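> In the UniProt record's numbering, the protein residues as written are 1 to 101. Glycine residues also receive a C-beta, built at the ideal position from the N, C-alpha and C atoms. For clarity, every value in this text was computed on a predicted model and none was experimentally measured.
(1) Rounded to whole angstroms, what's the CA-CA distance from residue 71 to residue 80? Just pull it up for me.
(2) Looking at residue 62 and residue 95, is the spacing between their C-beta atoms short of 8 Å?
(3) Report the residue from 46, 64, 68 whose alpha carbon sits nearest the alpha carbon of residue 8.
(4) Look at the Cβ atom of residue 3, then the Cβ atom of residue 57, and state whether they are nearer than 8 Å.
(5) Measure from the alpha carbon of residue 17 to the alpha carbon of each residue in 73, 29, 68, then state which is nearest.
Encoded structure:
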């Protein structure tokens with residue numbers, strides 16, 4: 001995915017959850033389907049997986065220094081960032097608040 005393609009996604013969807021990871025991250029592999037499943041509960045939320053090894057320009061643009069990193073974008077802007085140690089319940093609660101707003 002290119003930077004332009006990602007910006008198009010941000011313009012197309014009001015809420016985008018960017019899941020920044022690498023193929024070699026075992027924790028990321030376990031967490032990814034759980035995060036994706038939470039996102040799928042909400043019609044308005046778009047989940048996008050980004051392999052930062054294949055998309056280094058996205059890594060640089062969004063300052064992703066560790067994986068997994070989840071960035072929630074609202075109306076094209078970064079709203080919240082979750083790194084490494086994250087509670088899936090807190091993540092789900094945050095999405096519920098955003099969707100209700």
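In short:
(1) The alpha-carbon atoms of residue 71 and residue 80 are separated by roughly 6 Å.
(2) Between residue 95 and residue 62, the gap from beta carbon to beta carbon reaches 8 Å or more.
(3) The shortest C-alpha separation from residue 8 is found at 46.
(4) It is a contact, given that the beta carbons lie within the stated cut-off.
(5) Closest by alpha carbon: 73.
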